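Since the structure comes first, as structure tokens, the remarks are kept for the end.
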Amino acid sequence: MKAVILAGGLGKRVRPYTLFLPKPMLPLGDKPILGHIIDWIKKQRIKEIIICVSYMSEIIEEHFGNGEKYGVKITYVKSKKPLGTAGQLKSAQKYLDDDFLCIYSDSLFNFKINTAVKFHKKVNPIVTMVVCKYETRLKYGMIELNKDKSVSEWKEKPVIKGLINTGCFIMNSEFLKYIPRNKIYEMDQVFKKIQKKNNKIYGFPVSGNILDLGDRTEYEKNFKEFNKVKNHER
């Protein structure tokens, strides 16, 4: 099985840091975010990686090269402009003729993928989303109203629980047929298109931790945490 890493976005939510580096190359501890993702892929016993690049792609290519020194084989697929999460995946179509792993480049996780892969191969859907449990406390009180606008309930800063997308998917190559070529297209648009054709999309819950690095606040928080660990180990 191959792994595809989507690393071609502009990283607008992490500016100003991404004015100087592409988001996957922002430092986290002793290596860039993308380095941690590649380490995780290796632990899943996947050695062939395709990285979809665009913005400041030369920085990524220069750092990781062909992947030999990291114990993997890396192929780069470059888009002239950012094409969205699904649009950049489409550019890698010629390298994908079987089931593959697709990963966003702004999350880190520590779960094992093998049970999700077994599930996907058994059920054989177009795509299986890897999901995990999540809960958060809202910053505001939630108010419910009756039809006459009178207050029926006040929940002060309630805890919301549910399943979230980890940014990791197991896909059949058929998934790529639903993505238009050379067009900005997001992953949720593809999912809706697949479901309109009466195809089921499956979610496989996993246990583990996920670090969201998609915006400036989350990146800065996790950057500090990684540095604390690094300094403690010295």
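The sequence shown maps to residues 1212 to 1445 in the working numbering. Ideal Cβ placement from N, Cα and C applies to all residues, glycine included. Quantities reported herein were computed from a predicted structural model and do not represent experimental measurements.
What's the call for residue i, buried or exposed, on a 16-neighbour Cβ count within 10 Å?
i     : result
S1418 : exposed
Q1299 : buried
P1233 : buried
V1362 : exposed
H1443 : Its pLDDT being 44, under 50, H1443 is placed unreliably in this model, and the value from its coordinates should be taken loosely. With fewer than 16 Cβ atoms within 10 Å of its Cβ, H1443 is classed as exposed.
T1377 : buried
G1295 : buried
K1213 : buried
K1366 : exposed
H1274 : exposed
K1301 : buried
T1326 : exposed
F1231 : exposed
V1215 : buried
P1369 : exposed
A1218 : buried
Going by DSSP, which residues form a beta bridge with residue i?
i     : result
L1294 : DSSP lists no partner for L1294.
Y1413 : T1339
I1421 : F1320
P1238 : P1243
I1261 : V1215, T1286
Could you give the first and the last residue of the continuous beta strand (DSSP E) run that contains residue i?
i     : result
V1341 : 1338–1348
V1215 : 1213–1218
I1257 : Here I1257 belongs to no beta strand (DSSP E), and DSSP marks it neither H nor E.
At what residues does the alpha helix (DSSP H) containing residue i begin and finish?
i     : result
D1250 : 1244–1254
V1401 : 1398–1407
In chain order, which continuous runs of the beta strand (DSSP E) of length 3 or greater are located wholly inside the segment 1354–1382?
-> Counting only runs of 3 or more, we get 1362–1366, 1370–1382.
Where in the segment 1273–1328 do unbroken runs of the beta strand (DSSP E), each at least 3 residues long, occur, reported from the N-terminal end onward?
-> Runs found: 1284–1289, 1311–1315, 1318–1320.
The segment 1320–1328 / the segment 1283–1291 touching (three or more Cβ pairs under 8 Å) | Touching, no, given that fewer than three Cβ pairs across the two stretches are closer than 8 Å.
At a cut of 8 Å, does the segment 1348–1356 reach the segment 1421–1428 through at least three beta carbon pairs?
-> No: the two stretches stay apart, fewer than three of their Cβ pairs being nearer than 8 Å.
Mind the definition here: the segment 1381–1401 touches the segment 1330–1340 only if three or more C-beta pairs lie below 8 Å; say whether that holds.
-> Three or more pairs of CB atoms, one per stretch, sit closer than 8 Å, so the segment 1381–1401 contacts the segment 1330–1340.
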